[in-house]
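Participant:
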Amino acid sequence: MKSVDINSFDFAPFKEIGDNWGLLTGQADGKFNSMTVSWGGVGVIWNKPSVFVFVRPQRYTYEFMEKGEYFSLSLMNQELHPKMTVFGKKSGRDCDKYAESGLTTADFNGVTYCNEAETVFICRKRCASDLEHTSFTDSAIKDTFYSSGDKHRMYIGEITAILKK
Ligand SMILES: Cc1cc2nc3c(=O)[nH]c(=O)nc-3n(C[C@H](O)[C@H](O)[C@H](O)COP(=O)(O)O)c2cc1C
């Protein structure tokens, strides 16, 4: 992977996040955990290029996102969907998803990411905020996505590096 300049970075978020999917990796206390995500965004807030991801509290990854200062979002090729399904169906509480899938990890300045990614965002957490049901102005959202009463927690991270294959 090579570090790329943010000003020459070209990105198609709907395809690369929504269709191709990513592995979100949180880390804390010398450990890490990754899970599949297909919701999220890339943009600008508080004058910094940023990543936005949404994590339900049931996820093991949530614990790492809460505790850790850094996280990574590794965007993958669609051909890796079968391997990424391991990361989206199983929990790191119960198994070693990297060993089961055959995917591997790498490190950038102490931040763990998926070595088989096409693009990686290395991020420093700046904000963690629950998406409150009372904030939804589209009344269909609550019934469609939160019938069990849980909430997504939004994490906003400043992009500190972008890595490309
Ligand atoms: C395609 C796909 C996209 C997903 N996107 C998200 C997401 O954006 N946020 C989330 O909380 N869970 C998402 N999930 C569910 C988690 O990946 C899944 O619950 C995972 O097993 C959690 O693993 P963990 O307990 O090791 O953190 C997605 C699953 C799949 C298959």
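Residue numbers for the sequence shown follow my numbering, so the first one is 1481 and each next one is one higher. Backbone N, C-alpha and C define an ideal beta-carbon position, used for all residues, glycine too.
1) Does the separation of the CB atoms of K1605 and Y1542 fall below 8 Å?
2) Where do the N-terminal and C-terminal ends of the beta strand (DSSP E) with K1482 fall, by residue?
3) Just the C-alpha distance for Y1626 and A1620, rounded to the nearest angstrom, thanks.
4) Under DSSP, the beta strand (DSSP E) around P1537 begins and ends at which residues?
5) Let me confirm a value: N1500 is counted as buried when at least 16 other C-beta atoms fall within 10 Å, else exposed. Which label applies?
6) Does at least one heavy atom of ligand 1 sit under 7 Å from the Cβ of V1522?
7) Taking the beta strand (DSSP E) that F1489 belongs to, which residues open and close that run?
8) Starting from D1623, trace the alpha helix (DSSP H) both ways and give me its first and last residue.
9) Return yes when the C-beta of G1568 is under 7 Å from any heavy atom of ligand 1, and no when it is not.
10) Enumerate in chain order the residues of its own chain whose CB-to-CB distance from I1486 is below 8 Å, with the five nearest sequence positions on each side excluded.
11) Looking only at its own chain, which residues have a Cβ that is under 6 Å from the Cβ of K1547, when we skip the five neighbours before and after it?
12) Rounded to whole angstroms, what's the CA-CA distance from H1632 to A1608? Just pull it up for me.
13) Below 7 Å, is the gap between the Cβ of M1515 and the nearest heavy atom of ligand 1?
Facilitator: Reading it off the structure:
1) no
2) K1482 to V1484
3) 10 Å
4) Element bounds for P1537: n/a, residue is neither H nor E.
5) buried
6) no
7) Taken as a continuous stretch (DSSP letters only), F1489 belongs to no beta strand (DSSP E), as it is neither H nor E.
8) A1620 to F1625
9) yes
10) P1529, I1639 and I1642
11) A1508
12) 10 Å
13) yes
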